[in-house]
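Colleague:
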Amino acid sequence: MLKDRLSPADEATRDAEMQATLAACPRILDLIARGPQGAPDAEGVIYLRAPLDPNPVVLSNDHLMGCVKAAETYFRGRGIGKDDPVAILLPACPATVVAIFGAAACGIAEPLNLLFTREAIVAQLNAINAKLLLAPPPGMPGGLYEKVEGLQREVPSLKGIVVVPLDGTISFDGEVLRPDPAWRDHYGKSTDTSEADRVAVMLPTGGTTGHPKVARLTNRAMVASTVSSRMALDFQRGERAMITLPLFHVGGLFCTTANCLAAGTTMFIPGPAGARDPALITNFWRIIEKHRINIAGNVPTTLGALADIPVADSDISCLRVTATGASICPPEIERRYLATWGGACIQQLYGMTELAGAITHDVHGVKPRAESVGTRNPLVELAILEGGKLHTGPWPSPVGELLTRGPQVFAGYVDRKQTEEAFRDGWLRTGDICRIDADGFVYILGRAKDVIIRGGHNIDPRAIEDAALQFPGVALAAAVGRPDAYAGEVPMLFVSAQPGAQIDSQALAAFVQENILEPPARPRVVSVIAEMPVTPVGKIFKPKLREIAAGEAARELLKLEGLSEVSVEAITDPSRGLYLSVTAPPDKAETAERLLKKFPVKVELRA
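For the sequence shown, the numbering used here gives the first residue as 2, with consecutive numbering after it.
1) Using DSSP with H/G/I as helix, E/B as strand and the rest coil, what is Cys-261?
2) Kindly identify the DSSP beta-bridge partner or partners of Lys-603.
3) If we ignore side chains and look at the alpha-carbon of each, how far apart do Val-1 and Ile-317 end up?
4) List the residues that DSSP assigns as beta-bridge partners of Arg-483.
5) Could you say which of His-292, Val-69, Cys-107 lies nearest to Ser-100 if we only look at CA atoms?
6) Is Asp-363 buried or exposed, if buried means 16 or more other CB atoms sit within 10 Å of its CB?
7) Evaluate contact between the segment 337-350 and the segment 296-313, counting only Cβ atoms and requiring at least three cross-stretch pairs below 8 Å.
8) Strictly by DSSP, which residues pair up with Leu-60?
9) Let me make sure I understand the geometry here. Which of Asn-284, Gln-499, Lys-599 has the alpha-carbon closest to that of Ala-51?
10) Taking Cβ to Cβ, would you say Gln-237 is nearer than 8 Å to Thr-266?
11) Judging by CA-CA distance, which residue of Pro-166, Arg-79, Asn-127 is the nearest neighbour of Glu-155?
12) Taking all protein chains shown into account, do 16 or more other C-beta atoms lie within 10 angstroms of the C-beta of Tyr-487, making it buried, or fewer, making it exposed?
13) Short of 6 Å in beta carbon distance, which residues of its chain neighbour Ala-197, apart from the five on each side in sequence? Order them along the chain.
14) Alpha carbon to alpha carbon, how far is Gly-78 from Ile-454?
15) According to DSSP, which residues form a beta bridge with Val-1?
16) Would you check whether the ligand NAP has a heavy atom nearer than 7 Å to the C-beta of Asp-174?
17) Going by CA-CA distance only, name the one from Glu-150, Ile-549, Phe-249, Ile-171 that's closest to Gly-161.
18) Can you give me the C-alpha to C-alpha distance between Asn-260 and Pro-95, rounded to a whole angstrom?
19) Tell me whether the beta-carbon of Pro-612 lies closer than 8 Å to the beta-carbon of Glu-120.
20) Going along the chain, which residues of its own chain have a beta-carbon closer than 7 Å to the beta-carbon of Ala-40, five neighbours each way excluded?
21) Is the beta carbon of Leu-134 closer than 8 Å to that of Ala-88?
22) Curious, which full-length beta strand (DSSP E) runs of at least 3 residues does the segment 67-142 contain?
23) Would you mind giving the Cβ-Cβ distance between Pro-484 and Phe-600, rounded to the nearest angstrom? I have them listed as a contact below 8 Å.
24) Starting from the Cα of Pro-492, find the closest Cα among Glu-532, Val-527, Asp-42 and give me that residue.
25) Would you call the segment 367-375 and the segment 328-347 touching, i.e. three or more CB-CB distances under 8 Å?
26) Which one or two residues does DSSP pair with Phe-285 in a beta bridge?
27) If I'm right that Thr-376 touches Leu-404 with Cβ under 8 Å, what's the distance once you round it to whole angstroms?
28) To which residues of the same chain is Gly-82 closer than 8 Å at the C-beta, ignoring the five residues directly before and after it?
29) Quick check on Met-19: buried or exposed, where buried means 16 or more other Cβ atoms within 10 Å of its Cβ?
30) Return the first residue and the last residue of the alpha helix (DSSP H) that Tyr-146 is part of.
31) Under 8 Å, with one C-beta from each stretch per pair, do the segment 495-512 and the segment 463-475 reach the 3-pair mark?
32) Is Trp-342 close to chain B? Criterion is C-beta to C-beta, closer than 8 Å.
33) Just how far apart, CA to CA, sit Arg-448 and Ile-434?
34) Determine the closest residue to Asp-467 out of Glu-490, Leu-494, Gly-482, with distance taken between C-alpha atoms.
35) Relative to the C-alpha of Arg-15, which candidate in Ala-522, Val-322, Ser-230 has its C-alpha closest?
36) Roughly how many angstroms lie between the CA atoms of Asp-548 and Lys-603, to the nearest whole one?
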């Protein structure tokens, strides 16, 4: 029978276990060696080169960790020391796991977003002074090597590009890594406590070109995050967990991959593209059955897609845990997914790159609460900033911005100014609006920057989105602020359809009008789009929707004033935010600028 919540004694036990683990594992390498040390011959990773690969690559724990040690030796031989970054532009495969942890053992690993442009990659590498860059061979899907070929001319610190195949073998520049049995003596037995505070991984978390935002993660933060997820999701030795999030994301790297290694759970990688591969989504339930997967984690947008895939006659009784994070799971998507899967609940978690993973979880054995992201992880402290006052408990709390501190918190960004802006009196500001109930369950109400402010009235976009998701055929919904000359901004709703469904935008608009009780929250405009823009990990990408909304609003206003010949493009710049780039004939420029400045959006006039 599920508990209603963790007791104070339960929380104290978890805090003590975390403290003991942090003391025993000053490095992430010491933690991930625990599972393999307990079962060196067990399956460490099962890798499908494509979702329906009939002959997966299987590596034992001993082989995998031996290759990590060999990779560490390789990097040391290329001159990598504790302060030297190794950038890794590789999709998910065994070699990527080896490269990341091998680099973290002797230097600093920085997995890169695979969708970065060449310009963004150059900016990232220059920001961190990368010494090496790992990339797939030429001619691979996605053209990653072609994207970075000759990059040394633009990144003075870069000493070379190392080619790494994606076929399941583990080799660097044609040199096959031979598993080094010395890993058993070097990992899991460190007594160098100074390693806990060493930055061993850096991850990009925003700002791709002019001002990259790169989070510096210490060994302590990575260990704390990994242990928290293992406790909450109850990873077990001998089980199999599917890795579908990319390894440049904390969800894929720590909440699952490092978690699997530390617990002795077999990593199952269903192809290098993860959940972005349509073949995985189409065949998801059959893959669960064939490979007897016990744990699966996906972002809410992916769960929504899986809800539309019939289980049919697949036996998926092996799947005991579905976890979700990266963004809040709308209740309607959760309902649809549970109806398809047949499971009792989805375990939600909440975190961010700056926390090396999650700081709250739905906990195994504890009944989830509707729309909550669980309770605090061990040793995590939470606070609510409201009206300039910091509330640290007892709970319940007022609604305000969520702040946190504890061992999971990162060591700041590469850019010191960005770091200063991220903290308040030692607390990390998450930028998320939140409330905490009397029992410590956390409810994320939205991003502070996502709140729509209509004539001074704050509107939670989730209320609009939840209403839209109840309309037949809607797969995804997102509400953003649309610039308005009178109210500042008004709600605009974007939706995409489930496969095969047709959505009547007028009927949808009438439906949401009826189902949103708060008049200011009723969307002014409803737009049905062919495909919802998402980030590389599957979160809805609202900056793109804000660009569409701002561009449409500007062109509509200009047309009403007879200025159709004026062109407008809405652009989001990492350092300047959203602005309108306006091109107008000389005799129309002043009028166009005057009109558009009625919007709460910067205007840049071009000749």
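The beta carbon of each residue, even a glycine, is placed where N, CA and C say it ideally should be.
Modeller: Taking the coordinates as given:
1) Taking the first residue of the sequence shown as position 1, residue 261 is located at position 260. In the structure shown, the three-state DSSP call for Cys-261 is helix.
2) Taking the sequence shown and counting its residues from 1, the one referred to as residue 603 is at position 602. Its beta-bridge partners are Tyr-580.
3) The requested residue 1 is not part of the displayed model; the chain covers only 2 to 608.
4) As a position in the sequence shown, residue 483 is number 482, starting the count at 1. Arg-483 is bridged to Val-491.
5) Your numbering for residue 100 matches position 99 in the sequence shown. First, the residue type needs correcting, since residue 100 is Ala and not Ser in the sequence shown. Checking every option, the nearest Cα to that of Ala-100 belongs to Val-69.
6) Within the sequence shown, numbered from 1, the residue matching residue 363 stands at position 362. Under this definition Asp-363 is a buried residue.
7) Contact holds: three or more Cβ-Cβ distances are below 8 Å.
8) As a first step, residue 60 must be located in the sequence shown, where it is residue number 59. Leu-60 is bridged to Val-46.
9) What you label residue 51 is simply residue 50 of the sequence shown in a count that begins at 1. The residue with the shortest Cα to Cα distance from Ala-51 is Asn-284.
10) To locate residue 237, count along the sequence shown from 1; it is residue 236. To locate residue 266, count along the sequence shown from 1; it is residue 265. A Cβ-Cβ contact shorter than 8 Å links Gln-237 with Thr-266.
11) Residue numbering aside, residue 155 sits at position 154 when the sequence shown is read from its first letter. With distances taken between Cα atoms, Glu-155 lies closest to Asn-127.
12) By one-based count along the sequence shown, residue 487 stands at place 486. Answer is exposed; the Cβ neighbour count stays below 16.
13) On the sequence shown, residue 197 is found 196 positions in, with the first residue counted as 1. Excluding sequence neighbours, Ala-197 sits near Pro-27, Asn-220, Arg-221.
14) Indexing the sequence shown from 1 puts residue 78 at position 77. Indexing the sequence shown from 1 puts residue 454 at position 453. Roughly 56 Å separates the two Cα atoms.
15) Residue 1 lies beyond the residue range present for the chain, which begins at 2 and ends at 608; the question has no answer from this structure.
16) The ligand NAP is absent from the structure shown, which contains no ligands of any kind.
17) By 1-based counting over the sequence shown, the position of residue 161 is 160. Nearest of Glu-150, Ile-549, Phe-249, Ile-171 to Gly-161, Cα basis: Glu-150.
18) As a working mapping, residue 260 is identified with position 259 in the sequence shown. As a working mapping, residue 95 is identified with position 94 in the sequence shown. Each residue's alpha carbon lies about 15 Å from the other.
19) Residue 612 is absent from the model: the chain starts at 2 and stops at 608.
20) What you label residue 40 is simply residue 39 of the sequence shown in a count that begins at 1. The residues Asn-62, Arg-238, Gly-265, in chain order, have a CB closer than 7 Å to that of Ala-40 in the same chain once the five nearest residues on each side in sequence are set aside.
21) Here residue 88 refers to the residue found at position 87 of the sequence shown. Here residue 134 refers to the residue found at position 133 of the sequence shown. In this structure, Ala-88 sits near Leu-134, with a CB-CB distance shorter than 8 Å.
22) Entirely contained in the segment 67-142, the beta strand (DSSP E) runs reaching 3 residues are, in chain order, 86-89, 109-112, 133-136.
23) Residue numbering aside, residue 484 sits at position 483 when the sequence shown is read from its first letter. Residue numbering aside, residue 600 sits at position 599 when the sequence shown is read from its first letter. Between Phe-600 and Pro-484 the Cβ distance is about 4 Å, and since that is below 8 Å, they are a contact.
24) Within the sequence shown, numbered from 1, the residue matching residue 492 stands at position 491. Among Glu-532, Val-527, Asp-42, the Cα nearest to that of Pro-492 is on Val-527.
25) In short, these stretches touch, since the Cβ pair count reaches three.
26) Start at 1 with the first residue of the sequence shown, and residue 285 comes out as number 284. For Phe-285, DSSP assigns no beta-bridge partner whatsoever.
27) Locating residue 376 in the sequence shown gives position 375, counting from the first residue. Locating residue 404 in the sequence shown gives position 403, counting from the first residue. With a beta-carbon spacing of about 16 Å, Thr-376 and Leu-404 fall beyond the 8 Å limit used to define contacts.
28) Residue mapping note: residue 82 aligns to position 81 of the sequence shown, counting from 1. These residues qualify, in order along the chain: Cys-107, Gly-108.
29) As a position in the sequence shown, residue 19 is number 18, starting the count at 1. Burial call: buried.
30) Position 145 of the sequence shown, counted from the start, is the residue given in the question as residue 146. Per DSSP, Tyr-146 is one residue of the alpha helix (DSSP H) stretching across 145-149.
31) Enough Cβ pairs lie closer than 8 Å, so yes.
32) Structure shown: chain B not included; a single protein chain is present.
33) For this step, residue 448 is matched to residue 447 along the sequence shown. For this step, residue 434 is matched to residue 433 along the sequence shown. If I take the Cα positions, the gap works out to 6 Å.
34) For the purposes of this step, residue 467 is identified with residue 466 of the sequence shown, where counting begins at 1. Of Glu-490, Leu-494, Gly-482, the residue nearest in Cα terms is Leu-494.
35) Here residue 15 corresponds to residue number 14 of the sequence shown, with the count starting at 1. Taking only the C-alpha atoms, the option nearest Arg-15 is Ser-230.
36) The sequence position of residue 548 within the sequence shown is 547, counting from 1. The sequence position of residue 603 within the sequence shown is 602, counting from 1. Note that residue 548 corresponds to Glu in the displayed sequence, not to Asp. Computed Cα separation, rounded: 12 Å.
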